[in-house]
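S.K.: Quick note, the sequence shown lines up with residues 31 to 456 if you use the numbering used here.
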Amino acid sequence: MLDLAFIRSNPDVVKEAARLKNNSIDVDALLALDQQVVALQHEVEEARAKQNQLSKGIQQAAKEKNTELRNNLIAEGKKLAEFIKAKEPELHQLIEERYNLLLLVPNIPDPSAPVGKDDSENVPFKYWGEAPKFDFQALDHYDLMLKHNLVDIERAVKVAGSRSYVLRGDAARLELALINFAMDKMSRKGFTPLIVPSMARDFAFVGNGQFPKGRDQVYELKDQDLFLVGTAEVSITGMYKDEILKGEELPLKFVGYSPCFRQEAGTYGKDTRGVFRIHQFNKVEQYIICKADHEESVFWFEQLLQNAEELIQELELPYRVVNVCTGDMGDGKVGMYDIECWVPSEKRYRETHSCSYLHDWQARRVNLRYRDEEGKVKFVHTLNNTAIASPRILIPLLETHQQADGSILIPEALRPFMGGQKFIGR
31 MLDLAFIRSN PDVVKEAARL KNNSIDVDAL LALDQQVVAL QHEVEEARAK QNQLSKGIQQ
91 AAKEKNTELR NNLIAEGKKL AEFIKAKEPE LHQLIEERYN LLLLVPNIPD PSAPVGKDDS
151 ENVPFKYWGE APKFDFQALD HYDLMLKHNL VDIERAVKVA GSRSYVLRGD AARLELALIN
211 FAMDKMSRKG FTPLIVPSMA RDFAFVGNGQ FPKGRDQVYE LKDQDLFLVG TAEVSITGMY
271 KDEILKGEEL PLKFVGYSPC FRQEAGTYGK DTRGVFRIHQ FNKVEQYIIC KADHEESVFW
331 FEQLLQNAEE LIQELELPYR VVNVCTGDMG DGKVGMYDIE CWVPSEKRYR ETHSCSYLHD
391 WQARRVNLRY RDEEGKVKFV HTLNNTAIAS PRILIPLLET HQQADGSILI PEALRPFMGG
451 QKFIGR
């Protein structure tokens, strides 16, 4: 969320951010509600101050044995107590309403972010690698997986319903290799490996920015205040709720693994073939907590992108990087890059990684702060980026590395995690 004082002082800036992000928040209604809260708080605080004065007056009247004055002051104090008792529930209700509206206020996008309405207006700015040219009849990822008995969707659907899958044989080993490859590389870069809960309480989703919006994408464990995460980011954000960190501890650099779950609401009929859009997947996530400094945030933003690019380059996958436009980046982001890998069967790039920085938008929602060198307490900045998400990354990997004899070449970087195996199906 944004600082309320900032919203009060810059309503037009916030309105423009909402417009750019296709966010329907009524900033004027929020500010009107805020004025009600402030006015009622003032009334209640004044009543409490009068209570304190009356209490002193009652004590003085008792000392002076002025019974009539003491009784009058006691009666007046009772009226004030009744007033406060009547107004406090109303005040608490208004504060809660204001808080719920504040959760919907978007972050201010960086001026470098392209202005656009949706993903069709994202701006590619970097390309790496060349799309493979096959001199044989190339297969798509699903046909390749069927050919080598790497997947069983029919039996998975029997167990868990649509958009489910079972990885078999070398596909299961390949996914584990990818996860270990990403965790190993990131830990060698100084990131602390975490295996985090795949279940989190409501506050963690609110803190991460997935609630109150996005509830329709999340699986809920009924009557337990628990939900299944779609990224380790949710759990890591929640881990530090209400903490004040030492400035010298920052930045905190994590690489978190978790099984992830997503409803895929609103995607009926889209990407139904194979394992592109599924309800359960495994993901390794990069996560940074740093000081409240824009330049430092931008430094780590670019570093997280570079880390992901290095991983993909070692997998020998052609890709492009796009600067995500304001209408596609989501409420919490200041800036966002997507990495899209080339999928030969579709002759287009598909998103495999998302890199974001959010300034203190998440930190305010979970009350995560640090004490700087001057002793001042400030909200931290947070950033995140995918390291590896599988099985989606298997799609470009299997298709790009298929061979004329039908086998699949395992990239050299993964072979140490596959027992030295060089091919699947040979």
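All residues carry an ideal CB built from backbone N, CA and C; glycine is no exception. It should be emphasised that the depicted structure is a prediction, and the values quoted were computed from it without experimental measurement.
Contact defined as beta carbons within less than 8 Å: I believe residue 427 pairs with residue 347. What is the distance between those atoms, to the nearest angstrom?
M.R.: Contact holds; Cβ gap of about 6 Å.
S.K.: Distance, Cα to Cα, residue 353 vs residue 367?
M.R.: Residue 353 and residue 367: Cα-Cα distance of roughly 5 Å.
S.K.: Could you name the residues of the same chain whose beta carbon sits closer than 7 Å to that of residue 106, not counting the 5 residues immediately before and after it, in chain order?
M.R.: Closer than 7 Å at Cβ, skipping near neighbours: 84.
S.K.: Between 87, 411, 34, which lies nearest to residue 99 when the distance is taken from Cα to Cα?
M.R.: When only C-alpha atoms are compared, the closest one is 87.
S.K.: What residues in its chain sit with their C-beta under 8 Å from that of residue 438, if we drop five residues either side in the sequence?
M.R.: Excluding sequence neighbours, residue 438 sits near 174, 178, 428, 431, 432, 453, 454, 455.
S.K.: Just list the residues that DSSP pairs residue 154 with in beta bridges.
M.R.: In the DSSP output, where bridge partners are listed per residue, residue 154 has 352.
S.K.: Does the Cβ-Cβ distance between residue 192 and residue 291 come in under 9 Å?
M.R.: Taking 9 Å as the Cβ cut-off, residue 192 and residue 291 do not qualify as a contacting pair.
S.K.: Got a sec? Which residues, its chain only, sit under 8 Å from residue 74 by beta carbon, not counting five neighbours each side?
M.R.: Excluding sequence neighbours, residue 74 sits near 114, 117, 118, 121.
S.K.: Could you say which of 337, 377, 357, 396 lies nearest to residue 138 if we only look at CA atoms?
M.R.: The option with the nearest alpha carbon to residue 138 is 357.
S.K.: Nearest to residue 303 by CA position, among 140, 76, 170, is which residue?
M.R.: Per the Cα distances, 170.
S.K.: Run through DSSP, which three-state label would residue 316 get?
M.R.: Of the three classes helix, strand and coil, the one that applies to residue 316 here is strand, per DSSP.
S.K.: Is it buried or exposed, residue 29, if we count other Cβ atoms within 10 angstroms and call 16 or more buried?
M.R.: Only positions 31 to 456 of the chain appear in this structure, which leaves residue 29 out of reach.
S.K.: Would you decide whether residue 72 is buried or exposed? Buried here means 16 or more other CB atoms lie within 10 Å of its CB.
M.R.: Under this definition residue 72 is an exposed residue.
S.K.: Find out if the Cβ-Cβ distance for the pair residue 417, residue 341 is shorter than 9 Å.
M.R.: Going by C-beta atoms, residue 417 is nearer than 9 Å to residue 341.
S.K.: I'd like the span of the beta strand (DSSP E) that includes residue 366, first residue to last.
M.R.: Note, residue 366: beta strand (DSSP E), 365–373.
S.K.: What did DSSP end up calling residue 415 once you bin it into helix, strand or coil?
M.R.: Reduced to three states, the DSSP call for residue 415 is strand.
S.K.: At the level of alpha carbons, what is the spacing between residue 386 and residue 327?
M.R.: For residue 386 and residue 327, the distance between alpha carbons rounds to 10 Å.
S.K.: Across which residues does DSSP place residue 432 in a beta bridge pair?
M.R.: Looking at the DSSP assignment, residue 432 forms a beta bridge with 438.
S.K.: Does the distance from the CB of residue 364 to the CB of residue 398 come in under 9 Å?
M.R.: Their beta carbons are not under 9 Å apart, which means residue 364 does not touch residue 398 by this criterion.
S.K.: Can you give me the C-alpha to C-alpha distance between residue 355 and residue 449, rounded to a whole angstrom?
M.R.: Rounded to the nearest angstrom, the two C-alpha atoms are 42 Å apart.
S.K.: Given a cut-off of 9 Å, decide if residue 350 and residue 370 are closer than it, judged by their beta-carbon atoms.
M.R.: Yes; because the gap between Cβ atoms is below 9 Å, this pair is in contact.
S.K.: Taking the continuous alpha helix (DSSP H) assigned at residue 235, which residues delimit it?
M.R.: First-last of the alpha helix (DSSP H) with residue 235: 232–238.
S.K.: Here's a check: name, in chain order, each residue in its chain whose Cβ is nearer than 7 Å to the Cβ of residue 226, leaving out the five neighbours to either side.
M.R.: These residues qualify, in order along the chain: 262, 265, 266, 286, 288.
S.K.: What residue range is occupied by the uninterrupted beta strand (DSSP E) comprising residue 407?
M.R.: Residue 407 -> beta strand (DSSP E) spans 407–409.
S.K.: Measure the alpha-carbon distance for residue 300 versus residue 34 and round it to whole angstroms.
M.R.: Distance between the alpha carbons of residue 300 and residue 34: 40 Å.
S.K.: Residue 377: buried (16+ other C-beta within 10 angstroms of its C-beta) or exposed?
M.R.: Answer is exposed; the Cβ neighbour count stays below 16.
S.K.: Just to confirm, are residue 282 and residue 308 a CB contact at a threshold of 9 Å?
M.R.: No, the Cβ-Cβ distance between residue 282 and residue 308 is not below 9 Å.
S.K.: Which term fits residue 57, buried or exposed, when burial requires 16 or more other beta carbons within 10 angstroms of its beta carbon?
M.R.: Residue 57 should be labelled buried.
S.K.: How far does the alpha helix (DSSP H) with residue 450 in it extend, from its first residue to its last?
M.R.: No alpha helix (DSSP H) contains residue 450, which DSSP labels as neither H nor E.
S.K.: Starting from residue 129, trace the beta strand (DSSP E) in both directions and tell me its first and last residue.
M.R.: Looking at the DSSP string, residue 129 is not in any beta strand (DSSP E); the run it does join, the alpha helix (DSSP H), is 97–132.
S.K.: Compute the Euclidean distance between the alpha carbons of residue 165 and residue 409, then round it to the nearest angstrom.
M.R.: Residue 165 and residue 409: Cα-Cα distance of roughly 56 Å.
S.K.: Starting from the C-beta of residue 243, find all residues in its chain whose C-beta is less than 8 Å away, skip the five residues before and the five after it, and write them out in chain order.
M.R.: Around residue 243: 134, 361.
S.K.: With C-beta atoms as the reference, is residue 275 less than 9 Å away from residue 129?
M.R.: Against a cut-off of 9 Å, the Cβ pair of residue 129 and residue 275 comes out as no contact.
S.K.: Cutting at 7 Å between CB atoms, please list the residues of its own chain near residue 407, excluding the five before and the five after it.
M.R.: These residues qualify, in order along the chain: 274, 399, 401.
S.K.: Ignore the nearest five residues each way along the sequence and tell me which others in residue 447's own chain have a CB closer than 7 Å to its CB.
M.R.: Same-chain partners within the cutoff: 207, 210, 211.
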